[in-house]
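**Student:** Just passing along the structure, written as structure tokens.
Listed below in structure tokens is the structure:
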């Protein structure tokens, strides 16, 4: 199948075939990534711009490495953590990038919809590396890739996503993607972080982790933003951890050898205990490796042209 | 003198809804009759030249009165000013507009009231009546000099754009405003519940990951202010009602005899939250667009009189401000030039609302509530009038808009049914869609 899209903005409007093609490409990319000399000439002369409005070490580094392995020139535009009313507007920044003749722009931005805003302006491709609370498609793809590596075909499998679903672009993208692949998804969290409107994602919802766990093949803990406590969304880390923290004891309730995922960075002792984080079933570091492979695949599909590394 | 022949007059103030001949002389309505002859007319003209308009197939109604516009002057003239805003008004069929007080500086003194009023007079299009703030600096604590501001021409008091969070200040405002006989207009928004939300909380906000504003952010203040108005017997007007719960609260309060009126914005009657797109900020508005059920309740409320009037909440912004990611763009829709035609096309033509009710709600009721000249074509009344052609077609294009703002969801849309002539005190200010 020939790749059609200019941009990767979200999973919601992606087809199963597209997801399959990305995962298939990523498999080949992972092979390249595992080589001792990991450098290809494929994207020589192509420029990839990282535009990160939110601080992020792992996602930005992951994109940079992905671009470099494929031979592209990667540039990071440092955007100060300034308020939206100061400095250049995203519109003007987009015009500047257009003039710089970048081939691909990776954007992370605090506003939902910012990636699609940028894509509307640019001729270059855009990859959404997280827009507000909306979507984080590359994270969902790497999560799915990691699950498939361990579990094979995901159809009919059970995935529990627990935590601050309301504010989570990771949960939204995963819910869309996993549903498309026939996975039974259950979102879990306290009513303040999993309010009724999340029914819009079309998956099961529960406020009780213990009753959601039996049969789960995958349990994914979301990062809890500690400042949410100040806004009154939950009373204390202690109670949150008691109700929703992943512990070895609690994970026994799945009655399976379930795998544990976390998008990172972890709050150890809050949403995930030390022993779970360091257990063999926690694939958190593997997620990081696979993240590079997924991003290589996407960069390649968007600007790789006719060159063929996925024979 | 003007002689409008065989025009379908819609004047709910006199329960006229039939073809008539209308005579305008010396800036006033001279006569409305079922038909007039040349002899009748020349007798009444007393030698003055007569301009005759064939009105067959068109409607004539009292000029619309919009009690909620943001004209941005002084201070934000890049968005709009009183001249451009009042030109936009007459292009859209409005002959009187009330200018909200949240300018820079805010209109909290008689000197500023007089400035806005005089700028309106200098512009010379629609009547521009200033609304003063309720509290000094719109800080929500100390009341303004309401009596003095009324002397300067204030038509009402409102901290619109900000809510008066302190219930005691709101209670005192309702009490003190009795000295003026003018209503307090409530912005109806609990700041804490609204938080930094971007659209109405619901399935659509959940899906797009846009922070939600619950309907309760409006309804709890509506409830509070109704209770305060009942207790004080003060005069309350509720701005831009957008939820079914609010409509219900108002209906019950009216049944108890509370002195309250309420308005609804056209966009809340036409759109709902599901129409919002993540990469288009044009429908980002406050209060946010509600659910389909809210929209139905608003239409019902407008029909049964629970909601007294339609008001645009004309909120002009620059294109640069609106061309931003959703969270960063300002709230607001510019609507003076399109609102009447939009209501015609989306509500009157499909039979949801009668034209008589639209005119009552957008002209007669506002005049009555705010004690304004206008809202009627009774002989002797100022000839503020609109000739509306239900067959006239126009595509809404940026180049044709006389407002400085372009933030309307109707850009590129084709309308059928537009105001084609507008008079202010008998003076023709808009003809064939051109502002004169």
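Protein chains in written order, with my numbering: chain A, 5 to 315; chain B, 133 to 568. Glycine included, every Cβ here is placed at the ideal spot set by N, Cα and C. Just so you know, these numbers come straight off a predicted model, no measurement behind them.
Residue 37 of chain A and residue 150 of chain A look like a contact to me (Cβ under 8 Å); what is the Cβ gap, rounded to whole Å?
**Tutor:** The sequence position of residue 37 of chain A within the first chain is 33, counting from 1. The sequence position of residue 150 of chain A within the first chain is 146, counting from 1. At roughly 14 Å, the Cβ-Cβ gap does not stay under 8 Å, so residue 37 of chain A and residue 150 of chain A are not in contact.
**Student:** Since I believe residue 182 of chain A is in contact with residue 237 of chain A (beta carbons under 8 Å), could you give me their beta-carbon distance rounded to a whole number of angstroms?
**Tutor:** Translated into positions along the first chain, residue 237 of chain A becomes position 233. Translated into positions along the first chain, residue 182 of chain A becomes position 178. Contact flag wrong, Cβ pair sits at about 25 Å.
**Student:** Let me know if residue 294 of chain A comes out buried or exposed under the rule of 16 or more other beta-carbons within 10 Å of its beta-carbon.
**Tutor:** By one-based count along the first chain, residue 294 of chain A stands at place 290. Counting Cβ neighbours within 10 Å, residue 294 of chain A comes out buried, since at least 16 surround it.
**Student:** I'd like to know whether the C-beta of residue 58 of chain A is nearer than 8 Å to at least one C-beta of chain B.
**Tutor:** Position 54 of the first chain, counted from the first residue, corresponds to residue 58 of chain A. Taking Cβ atoms only, chain B never reaches closer than 8 Å to residue 58 of chain A, which makes this a no.
**Student:** Can you find a CB in chain A that lies within less than 8 Å of the CB of residue 253 of chain B?
**Tutor:** By 1-based counting over the second chain, the position of residue 253 of chain B is 121. It does not; no Cβ of chain A falls within 8 Å.
**Student:** Quick one: Cα of residue 89 of chain A to Cα of residue 460 of chain B, how far?
**Tutor:** Start at 1 with the first residue of the first chain, and residue 89 of chain A comes out as number 85. Start at 1 with the first residue of the second chain, and residue 460 of chain B comes out as number 328. Because residue 89 of chain A carries a pLDDT of 47, less than 50, the predicted location of this residue cannot be relied on, and the following value inherits that uncertainty. The straight-line gap from Cα to Cα measures roughly 8 Å.
**Student:** Let's test the definition: count the other Cβ atoms within 10 Å of the Cβ of residue 6 of chain A and tell me whether it reaches 16, buried, or not, exposed.
**Tutor:** Here residue 6 of chain A is taken as the residue at index 2 of the first chain, counted from 1. Burial call: exposed.
**Student:** Can you have a look at residue 166 of chain B and say buried or exposed, based on whether 16 or more other CB atoms are within 10 angstroms of its CB?
**Tutor:** Reading the second chain from its first residue, position 34 is the one you call residue 166 of chain B. When all chains shown are included, residue 166 of chain B counts as exposed.
**Student:** Check distances from the C-beta atoms of the segment 135-163 of chain A to those of chain B and list, in chain order, the residues that come in under 9 Å.
**Tutor:** Within the segment 135-163 of chain A, the qualifying residues are 135, 136, 137, 138, 139.
**Student:** Does residue 315 of chain A pass the burial test, meaning 16 or more other C-beta atoms within 10 Å, or should it be called exposed?
**Tutor:** Looking up residue 315 of chain A in the first chain gives position 311. Below a pLDDT of 50, predicted positions are generally treated as unreliable, and residue 315 of chain A, at 47, falls in that range; no measurement from the model is reported.
**Student:** Closer than 9 Å, Cβ to any Cβ of chain A: which residues of the segment 353-382 of chain B, in chain order?
**Tutor:** Hits within the stretch: zero.
**Student:** Determine the extent of the alpha helix (DSSP H) in which residue 129 of chain A is found, giving its start and end residues.
**Tutor:** Numbered from 1 along the first chain, position 125 holds the residue referred to as residue 129 of chain A. Per DSSP, residue 129 of chain A belongs to no alpha helix (DSSP H); it is in the beta strand (DSSP E), 129-135.
**Student:** Measuring CB to CB, does residue 520 of chain B end up less than 8 Å from residue 160 of chain B?
**Tutor:** Numbered from 1 along the second chain, position 388 holds the residue referred to as residue 520 of chain B. Numbered from 1 along the second chain, position 28 holds the residue referred to as residue 160 of chain B. Going by C-beta atoms, residue 520 of chain B is not nearer than 8 Å to residue 160 of chain B.
**Student:** Along the alpha helix (DSSP H) that carries residue 183 of chain B, what are the first and last residues, could you check?
**Tutor:** Residue numbering aside, residue 183 of chain B sits at position 51 when the second chain is read from its first letter. Segment 183-186 is the beta strand (DSSP E) holding residue 183 of chain B; no alpha helix (DSSP H) there.
**Student:** With a threshold of 8 Å between beta carbons, is residue 12 of chain A in contact with chain B?
**Tutor:** Residue 12 of chain A sits at position 8 when you count from the first residue of the first chain. Not one chain B Cβ lies under 8 Å of residue 12 of chain A.
**Student:** Of the choices A/309, A/278, A/54, whose alpha-carbon is the least far from that of residue 252 of chain A?
**Tutor:** Residue 252 of chain A sits at position 248 when you count from the first residue of the first chain. Measuring from the Cα of residue 252 of chain A, the nearest candidate turns out to be A/278.
**Student:** If you draw a straight line from the C-alpha of residue 301 of chain A to the C-alpha of residue 29 of chain A, how long is it?
**Tutor:** If you number the first chain from 1, residue 301 of chain A lands on position 297. If you number the first chain from 1, residue 29 of chain A lands on position 25. Each residue's alpha carbon lies about 5 Å from the other.
**Student:** Does residue 124 of chain A have its Cβ less than 8 Å from a Cβ in chain B?
**Tutor:** One-based indexing of the first chain puts residue 124 of chain A at position 120. Taking Cβ atoms only, chain B reaches closer than 8 Å to residue 124 of chain A, which makes this a yes.
**Student:** With a threshold of 8 Å, are at least 3 pairs of Cβ atoms found where one atom belongs to the segment 324-336 of chain B and the other to the segment 344-364 of chain B?
**Tutor:** Counting Cβ pairs under 8 Å, three or more are found: they touch.
**Student:** Mapping DSSP to helix, strand and coil, what is residue 559 of chain B?
**Tutor:** As a position in the second chain, residue 559 of chain B is number 427, starting the count at 1. It is a strand residue.
**Student:** Going along chain A, which residues have a C-beta under 7 Å from residue 411 of chain B?
**Tutor:** On the second chain, position 279 is the one that residue 411 of chain B refers to. Chain A residues near residue 411 of chain B: 117, 120, 121, 124.
**Student:** Would you call residue 83 of chain A buried or exposed, if buried means 16 or more other Cβ atoms sit within 10 Å of its Cβ?
**Tutor:** Within the first chain, the letter at position 79 stands for residue 83 of chain A. That one is buried.
**Student:** So is residue 139 of chain A buried or exposed if we call it buried at 16+ other beta carbons inside 10 Å?
**Tutor:** The residue you call residue 139 of chain A lines up with position 135 of the first chain. Answer is buried; the Cβ neighbour count reaches 16.
**Student:** Please list the terminal residues of the continuous beta strand (DSSP E) segment that includes residue 288 of chain B.
**Tutor:** Counted from its first residue, the second chain places residue 288 of chain B at position 156. Element bounds for residue 288 of chain B: 288-290.
**Student:** Can you give me the start and stop residues for the alpha helix (DSSP H) that residue 399 of chain B sits inside?
**Tutor:** By one-based count along the second chain, residue 399 of chain B stands at place 267. Its alpha helix (DSSP H) spans residues 398-402.
**Student:** Under a CB-based cut-off of 8 Å, is residue 94 of chain A close to chain B?
**Tutor:** For the purposes of this step, residue 94 of chain A is taken as residue 90 along the first chain, with counting starting at 1. Interface residue, yes.
**Student:** With DSSP as the reference, identify every bridge partner of residue 169 of chain A, one or two as the case may be.
**Tutor:** Here residue 169 of chain A refers to the residue found at position 165 of the first chain. In DSSP, residue 169 of chain A forms no bridge with anything.
**Student:** Is it the case that the segment 507-515 of chain B contacts the segment 144-163 of chain B, given that we only count it when at least three CB pairs across the two stretches are under 8 Å?
**Tutor:** Taking 8 Å as the limit for Cβ pairs, the verdict is that the segment 507-515 of chain B does touch the segment 144-163 of chain B.
**Student:** With a 10 Å radius around its C-beta and 16 neighbouring C-beta atoms as the bar for buried, classify residue 86 of chain A as buried or exposed.
**Tutor:** Counting from one through the first chain, the residue named residue 86 of chain A turns up at place 82. Residue placement at residue 86 of chain A is poorly supported in this model, since its pLDDT is 45, which falls under 50; the coordinates still yield a value, given next. Exposed, because fewer than 16 other Cβ atoms sit within 10 Å of the Cβ of residue 86 of chain A.
**Student:** Roughly how many whole angstroms lie between the Cα atoms of residue 383 of chain B and residue 404 of chain B?
**Tutor:** The count along the second chain starts at 1 and reaches residue 383 of chain B at position 251. The count along the second chain starts at 1 and reaches residue 404 of chain B at position 272. Straight-line Cα distance between these residues: approximately 22 Å.
**Student:** Taking residue 256 of chain B as the reference, give the member of B/272, B/269, B/214 with the closest Cα.
**Tutor:** Working through the second chain from its first residue, we reach residue 256 of chain B at position 124. Selected option, being the one with the closest Cα: B/214.
**Student:** Whole angstroms are fine: how far does the CA of residue 429 of chain B sit from the CA of residue 421 of chain B?
**Tutor:** If you number the second chain from 1, residue 421 of chain B lands on position 289. If you number the second chain from 1, residue 429 of chain B lands on position 297. In a straight line, the C-alpha of residue 421 of chain B is about 13 Å away from that of residue 429 of chain B.
**Student:** In whole angstroms, what separates the C-alpha of residue 480 of chain B from that of residue 435 of chain B?
**Tutor:** In the second chain, the residue the question calls residue 480 of chain B occupies position 348. In the second chain, the residue the question calls residue 435 of chain B occupies position 303. Residue 480 of chain B and residue 435 of chain B: Cα-Cα distance of roughly 12 Å.
**Student:** Can you check whether the C-beta of residue 455 of chain B is within less than 8 Å of a C-beta belonging to chain A?
**Tutor:** What you label residue 455 of chain B is simply residue 323 of the second chain in a count that begins at 1. For residue 455 of chain B, the answer is yes, since a Cβ of chain A falls inside 8 Å of its Cβ.
**Student:** Excluding the 5 residues flanking residue 150 of chain B on each side, which residues of the same chain have their C-beta closer than 8 Å to its C-beta?
**Tutor:** Here residue 150 of chain B refers to the residue found at position 18 of the second chain. Result list for residue 150 of chain B: 140, 141, 166, in chain order.
**Student:** Do residue 466 of chain B and residue 448 of chain B have their C-beta atoms closer together than 8 Å?
**Tutor:** Working through the second chain from its first residue, we reach residue 466 of chain B at position 334. Working through the second chain from its first residue, we reach residue 448 of chain B at position 316. Yes.
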